[in-house]
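I have placed the structure first, in the form of structure tokens, so that the comments after it can refer back to it.
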Amino acid sequence: MLRHRKIARQRLKDCSIAEYNSLIHDAKLTPTQKVIIDSFIIGNLPVCEIAFKLSLCESMIRRHLSIVYDKVAFL
37 MLRHRKIARQ
47 RLKDCSIAEY
57 NSLIHDAKLT
67 PTQKVIIDSF
77 IIGNLPVCEI
87 AFKLSLCESM
97 IRRHLSIVYD
107 KVAFL
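Numbering-wise (this note's numbering), the sequence shown opens with residue 37 and increments by one.
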């Protein structure tokens, strides 16, 4: 994982709910991206469970997470 994505992921994990919601809103995520990041960060679900829940492959979930981290990192 690239350094800026690691920093963005940690930022999302460490912030308060209000800050999290603000970051997610400012990043202008798609509905699918929002469901995935909420499940991963707030729900603490592993990628395989999110993929099963959304009927997507694990690589697609990882790709969406990368896009979200990119959007958050460059706010």
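We put the beta carbon where it would ideally sit given N, CA and C, even for glycine.
**Asked** Using 8 Å as the threshold, is the segment 97–106 in touch with the segment 53–72, meaning 3 or more CB pairs across them?
**Response** yes
**Request:** Answer with buried or exposed for A54, where buried requires no fewer than 16 other C-beta atoms within 10 angstroms of its C-beta.
**Result:** Start at 1 with the first residue of the sequence shown, and residue 54 comes out as number 18. With fewer than 16 other CB atoms across the displayed protein chains lying within 10 angstroms of its CB, A54 is exposed.
**Message:** Using C-beta distances below 6 Å, list every residue in its chain close to A44, excluding the 5 sequence neighbours before and after it, in chain order.
**Reply:** For the purposes of this step, residue 44 is identified with residue 8 of the sequence shown, where counting begins at 1. Cβ neighbours of A44 beyond the five flanking positions: Y105, V108, A109.
**Request:** Excluding the 5 residues preceding and the 5 following C93 in the sequence, name in chain order all residues of the same chain whose CB lies nearer than 8 Å to its CB.
**Result:** Counted from its first residue, the sequence shown places residue 93 at position 57. So the list reads A87, once near-sequence residues are dropped.
**Prompt:** How would you write the range of the alpha helix (DSSP H) that N57 sits in, first residue to last?
**Reply:** Within the sequence shown, residue 57 is the residue found at index 21, counting from 1. Where N57 is concerned, the enclosing alpha helix (DSSP H) stretches over 53–62.
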